[in-house]
Amino acid sequence: MKTRTISAIIAMIILVSTNVSARETLAKATKGKFLMGVAINMQQVNGVNPVESDLIANEFSAVVAENCMKPQPTHPQENKYVWDDADKFVAFGEKNKQTVTGHCLIWHSQIGRWMFVNDSGKDVSPEVLKERMRQHIYAVVGRYKGRVKGWDVVNEAFEDNGTYRKSKFYQILGKDFIKYAFQFAHEADPNAELYYNDYNVETPAKCDAIVQLVKELKAAGCRIDAVGSQSHMHMVNPTLEATETSFKKLKAAGVHILITEWDVSILPSPYDGANISASFKYSKEMDPYRDGVPADVQQKWNKRVLDMFGLFLKYSDVVDRVTVWGLNDAGTWLNGFPIRGRMDYPVLFDRKNQRKSVVDEMIKMAQKTKVKK
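The sequence shown lines up with residues -22 to -1, 1 to 351 when you count with mature numbering (1 follows the signal peptide of the UniProt record, and there is no 0).
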């Protein structure tokens, strides 16, 4: 009897301890420092897996849609808008009292060809493209006016060498397409924050080009609140030093910083970047952890995550949000990029929706950091 009583007490202590631990989340630990966000898909919004939907609601203070608010899904044809998924996504965030970000308004990828051509299949005039941009932005931003905190207005307009990407927007309108996009977004919702978003912002030439863009937009009277650094990272690149240097440059330019699409690939990579048009052939050498990650490799990944998270906290006076690109390893886009069929482990929850051990360390780190806002 005595043994059973002791066992019961121990079990109760373990249960209470577990429940207390479960109440500690990154969202709570980072409150007042920055928002802790996650990108979500429609299955999660629709509650196909209730565990995932609950995790998103309880563990994070901000959400962004992986795909449903991009130009192609919302505006597949010139005179056709599709709102069902975007409406559900925004309502999901509101229901859970989370900050909602709109992603994204203008992007060269995942956009209908109709935006750029006339009935003959030839490029439209600058005036026509400008008007189509205005109508698109007014419709999307206007629909969610007052419900979305901020918008990724323009996505990935630069190459890594700092030159403008020769997208159709650029070919027809020149670099002014960015200015027009920010003007239209502000007109559609004057209270919404406006962001420029890109990958490899840690690359010096690209960062310098973005800083110059910020200066030009401000000189033109445009609102720009923050620059989003996607932060798709690898085990070595970008370095902590390069990342901090980019933070310093952006801070000096007078904008805040958003970590918008954070993940850390544990796999070897044929290149550094997030250009979604890239692809490489599968090989076992590039997919070494089919049976799980060795303990020593996992420790290195944990340290990499903690080093970067510590840097985000160091700059929490200007870092407004840290968003992980995907809830769990099973759903990460990196399982198929840039090599299809691999098993990557780049985010904070595993394939069984269990917190990785690094999350508790991140929470402790955040709790020890003083609020700088």
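Positions of the beta carbon are idealized from the N, C-alpha and C atoms, including for glycine.
Which of helix, strand or coil DSSP assigns to residue i
i     : result
E72   : helix
H234  : strand
G309  : helix
F136  : strand
F225  : helix
S(-2) : With a pLDDT of only 42 at S(-2), under the threshold of 50, the placement of this residue in the model should not be trusted; the figure read from the coordinates follows. If DSSP states are grouped into helix, strand and coil, S(-2) belongs with the helices.
A187  : helix
K292  : helix
Y267  : coil
A7    : helix
F315  : coil
F160  : helix
Y142  : strand
V179  : coil
Whole-number beta carbon distance between residue j and residue i, since they are thought to touch under 8 Å
i    : j    : result
Y174 : V205 : 5 Å
V302 : L326 : 6 Å
W61  : R121 : 7 Å
L284 : M343 : 7 Å
Nearest candidate by alpha-carbon position, reference residue i, set the options
i    : options                   : result
E263 : N96, P248 and V68         : P248
T134 : G90, C82 and L107         : In the sequence as presented, Thr is not what sits at residue 134; that position holds Glu. For E134, the nearest C-alpha among the options comes from C82.
F258 : A197, D295 and N313       : N313
V242 : D138, H212 and V78        : H212
I84  : G71, T52 and V78          : T52
E56  : F155, G120 and I115       : I115
D307 : D328, V300 and E30        : D328
L228 : R121, D203 and V68        : D203
F155 : V26, M111 and A183        : M111
K66  : F38, V95 and Q21          : Q21
G10  : G309, V192 and Y293       : Y293
T225 : V296, G128 and K48        : Sequence inspection shows Phe at residue 225; the Thr mentioned does not correspond to that position. Nearest option by C-alpha distance: V296.
L236 : K350, P246, S255 and D176 : D176
A273 : S335, N253 and L305       : S335
Cβ-heavy atom distance, residue i to the ligand HEM, below 7 Å
i   : result
E44 : Questions concerning the ligand HEM fall outside what the structure shown contains, since it holds no ligand whatsoever.
Rounded straight-line distance, which links the Cα of residue j to that of residue i
i     : j    : result
Q76   : S98  : 45 Å
N178  : Q208 : 7 Å
N331  : N74  : 19 Å
L218  : R333 : 24 Å
Y267  : E165 : 49 Å
S(-2) : A35  : Low per-residue confidence applies at S(-2): pLDDT is 42, beneath 50, and the placement is therefore not dependable, though the value from the model is reported in the following sentence. So the two alpha carbons sit approximately 17 Å from each other.
M321  : K108 : 42 Å
I188  : K146 : 19 Å
A170  : G199 : 16 Å
Per DSSP, the bridge partner or partners of residue i
i    : result
V119 : Paired residues: none, contrary to the question.
D130 : H81 and Y173
D241 : H210
D62  : D62 pairs with nothing; no bridge assigned.
G15  : A40 and T301
Q55  : K58
D101 : V95
Q344 : As written in the sequence, residue 344 is Ala, which differs from the Gln given in the question. According to DSSP, which records beta bridges pairwise, A344 is partnered with nothing at all.
V205 : Y174 and I235
Closer than 8 Å to chain D by CB, residue i
i    : result
K346 : Absence of chain D from the displayed structure is noted, only one protein chain being present.
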